[in-house]
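For the working numbering, add 1 to where a residue sits in the sequence shown, where the first one is 1.
Here a beta-carbon is modelled for each residue, glycine too, at the ideal position from N, C-alpha and C.
Right, one structure below, let's go through it.
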Amino acid sequence: MILEHDGSRELLMEEVVRILVEDDKIQLVGLLGERKEVKGRIKEVNLNRHEVIISD
């Protein structure tokens, strides 16, 4: 999971197994159950590269 802000990108979390979207909140759940919540919208999903880009 990558967060895009003002043209730069930051790695948010690796090994994400679940993505929950509610309004402008995106909750990420990792392989070991760790959770992180960010505000933004999903901009791009690239299954070839195993990337999800979130834009704030």
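Cβ-based burial, residue i [other Cβ within 10 Å; buried from 16]
{"i": "I43", "result": "exposed"}
{"i": "L48", "result": "exposed"}
{"i": "V22", "result": "exposed"}
Distance, residue j Cα to residue i Cα
{"i": "R10", "j": "E16", "result": "17 Å"}
{"i": "L1", "j": "V18", "result": "Examination of residue 1 is not possible in this model, given that the chain is present from 2 through 57 alone."}
{"i": "D57", "j": "I27", "result": "11 Å"}
{"i": "D24", "j": "I55", "result": "13 Å"}
{"i": "V30", "j": "G8", "result": "25 Å"}
{"i": "E45", "j": "E35", "result": "23 Å"}
Residue range of the unbroken beta strand (DSSP E) whose run includes residue i
{"i": "G31", "result": "26–31"}
{"i": "H5", "result": "In the sequence as presented, His is not what sits at residue 5; that position holds Glu. That run of the beta strand (DSSP E) goes 3–6."}
Rounded distance between the beta-carbons of residue j and residue i, thought under 8 Å
{"i": "G41", "j": "L12", "result": "Not confirmed; about 15 Å, so no contact."}
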